[in-house]
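This report refers to the structure that appears directly beneath it.
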């Protein structure tokens, strides 16, 4: 009752990664925040599935996952299932998935699902966006004297910054930034 949980997951590689995060409220007036960041390259496959089951009154859930994919055959999938049961009146939920496609041949799929069994909700929605790296952003940064590689790093790290910062572990931000930058350098050398 009246509890809150923020849960974060970061996936920065692996030939085949599949994760499932299932959440079920055990009492009323709880809040769940699920955050995720994935960076896949070189033909890697990364799939995350989130399930949030609203079965108690006045509970809130917010899901925000981001993925960047780079390289031929690289594929990320996010499946978000949120269920609001008939007795879970006063529920409030929102799912967001954003994907950044860094190169041709990379693919990102987003499957947000809402199942609502009651009409008495505060709010329920989802958003999904998948887009490729904008050449105008790169041009703007390189025209200011930033190398194209450093411009790419700034864009990708900025894409993930909000998610990682919201996980609430300052040292994690530095580690994730360093790992992503190293992956981008390795991708350049292939």
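Residue numbers (this note's numbering): 1129 to 1318. Built from N, CA and C at the ideal position, the CB exists for glycine as well.
- The stretch 1239-1251 makes no contact with the stretch 1272-1281; the number of CB pairs closer than 8 angstroms stays below 3.
- Residue burial annotation: residue 1304 is buried, with at least 16 other C-beta atoms found within 10 angstroms of its C-beta.
- If you look at residue 1147, you'll find it in the beta strand (DSSP E) that goes 1144-1152.
- Note that the C-beta distance between residue 1153 and residue 1174 is not below 7 angstroms.
- Contact annotation: residue 1262 and residue 1230 have beta-carbon atoms that are not nearer than 7 angstroms.
- Counting only residues of its own chain and dropping the five nearest sequence neighbours on each side, residue 1189 has a CB closer than 6 angstroms to the CB of 1160, 1180, 1221.
- Rounded to the nearest angstrom, the Cβ distance from residue 1255 to residue 1212 is 17 angstroms, too far for a contact under 8 angstroms.
- Residue 1178 sits in a strand when the DSSP states are folded into three classes.
- No Cβ-Cβ contact shorter than 7 angstroms links residue 1148 with residue 1194.
- Look at residue 1262 here: in three-state DSSP terms it is coil, with no helix or strand label.
- The shortest C-alpha to C-alpha distance from residue 1239 to any of 1250, 1205, 1192 is the one to 1205.
- Between residue 1235 and residue 1265, the C-beta spacing is not below 7 angstroms.
- Counting other Cβ atoms within 10 Å of its Cβ, residue 1287 reaches 16 or more and is therefore classed as buried.
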